[in-house]
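A quick write-up on the structure given underneath.
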Amino acid sequence: MKRDEHDDDNLFQGINSNYGIDKSLEDRVVNALANQGLIKQNHRTPKLVTAIASMAAVLAFGLGFFLGGSNPEQSEYDYIFLLHETSSFNSSESRVKEYTEWTNQIRQSGIEIAGEKLGDAEQVFSNNSSNENSRITGFFLLRGDAAKVKEIAEKSPHVKYGGAIELRKIENQ
Amino acid sequence: MTDREIADQFLRSKSERTFRVLYQSQTARLYATALRLTAGDKFVAEDMIQEMWCIAIKKLPAFEWRASLKTWLTSILINLSKEHYRDEVKKHTESNGHAQSIESSLEIKMDLENALSSLPLGYRTVLILHDVEGYTHEEIAQLLGIVEGTSKSQLFNARKLLREKLK
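Here you go:
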């Protein structure tokens, strides 16, 4: 782009014009366009299948498995919360409603979230002795920037009732 | 790929994936412009970006590529900011019973970005397009539907006012 003369009067020379843009805005725009029938949204597998597939991919990566050959599709999510519970954590059915309301509030704020409760470990395959101090009882997958995701973790009912959340970034390639 | 190639691919497929490529190639700069046009109002700027893309995607099949995609999207954004400004003036007038400049009610802090926010919309728009975005007076005249001389005089007055505010 050519410039006009007399740019010496420009007070903005050297000023960085890039501002942080909320990542969730992209999804908002995509959803708005899809609602008006202006774009075809990507085919999405059911949330449970997607979540389990993503979880498996993350765990596989964490365990050092190498899936050679093809490039896996980029995950739809940026972060995973691994929910840890110790014996002192008092789980209760009455909290299901609280967890559901919590996830609904997150969705309403424009952050994508999916999650599942996990059963007890059926079998542990390891050469080392397992850590019995805590167990992973569930997970949430989220799409959003780091600051928001950390804020969500801090305010979660799981932390409030004595559980721990391990936050990990999903390494999108 | 050029903007046009991406846009053509999108028009053929209408796919979310291709739209996201288009979105990611354009939106960061446009969002910065929207923030400045709305005097730093993040929520209004985000709404404007969403509306801009909805309008652009509807009109994309008829876009003739006489200007760059960025210039065309900027012109949509400017029109939306004018509409928003008119709505705000109307609301302000109705609530106060008389017209009062919105800019005059803004808290003026003496740094560059805040001083820019306090300029009248017309001055602010020309100043942003020329001094921040790098458009020429000829391009600004086309974008805003004014003559080049008006663009130049508005820039002169805008810079003068900005310097006074920064004193």
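These protein sequence lines map, in sequence, to chains A and B.
Quick note: the first sequence uses my numbering, first residue 15, plus one each step.
Quick note: the second sequence uses my numbering, first residue 92, plus one each step.
No residue lacks a Cβ here, since even glycine has one placed at the ideal position from N, Cα and C.
The structure displayed is predicted, hence computed values, not measured ones.
| query | result |
| --- | --- |
| Could you tell me which of B:S209, B:R127, B:T241 and B:R103 sits nearest to B:L151, measuring between CA atoms? | B:R103 |
| Measure the Cβ-Cβ separation of A:V163 and A:Y113 and say whether it is below 9 Å. | no |
| In whole angstroms, what separates the C-alpha of B:T118 from that of B:L257? | 30 Å |
| Along chain B, which residues have their Cβ under 9 Å away from the Cβ of A:V110? | Ordered by position in chain B, no residue passes the 9 Å Cβ test against A:V110, which lies about 33 Å from the chain. |
| Does any residue of chain A bring its CB to less than 9 Å from the CB of B:S208? | no |
| Which term fits B:F134, buried or exposed, when burial requires 16 or more other beta carbons within 10 angstroms of its beta carbon? | exposed |
| Just to confirm before moving on: does the CB-CB distance between B:W144 and A:V43 stay below 9 Å? | yes |
| Do A:S148 and A:E99 have their beta-carbon atoms positioned less than 9 Å apart in this structure? | yes |
| Buried or exposed: where does B:R127 fall if 16 or more other Cβ atoms within 10 Å of its Cβ makes it buried? | buried |
| Using C-beta distances below 8 Å, list every residue in its chain close to A:F154, excluding the 5 sequence neighbours before and after it, in chain order. | I94, F95, L97, T117, I127, A128 and G129 |
| Any C-beta of chain A within less than 9 Å: which residues of the segment 102-133 of chain B qualify? | S104, K105, S106, E107, R108, T109, F110, R111, Y114, Q115, T118, A119, R120, Y122, A123, T124, L126, R127 and K133 |
| Return the bridge partner residues of B:Y122 from the DSSP annotation. | Paired residues: none, contrary to the question. |
| Out of A:S38, A:D36, A:L39 and A:P171, which has the shortest C-alpha to C-alpha gap to A:K111? | A:P171 |
| Whole angstroms are fine: how far does the CA of B:L160 sit from the CA of B:N248? | 29 Å |
| Have a look at B:Y214 and B:Q245 and give me their C-alpha separation to the nearest angstrom. | 6 Å |
| Note down, in chain order, every chain A residue with its Cβ under 8 Å from the Cβ of B:I140. | L39 and V43 |
| Given a threshold of 16 other Cβ atoms within 10 Å of its Cβ, counted over all protein chains shown, does B:R250 qualify as buried or as exposed? | buried |
| I'd like to check one pair, A:R157 with A:D36: are the Cβ atoms closer than 9 Å? | no |
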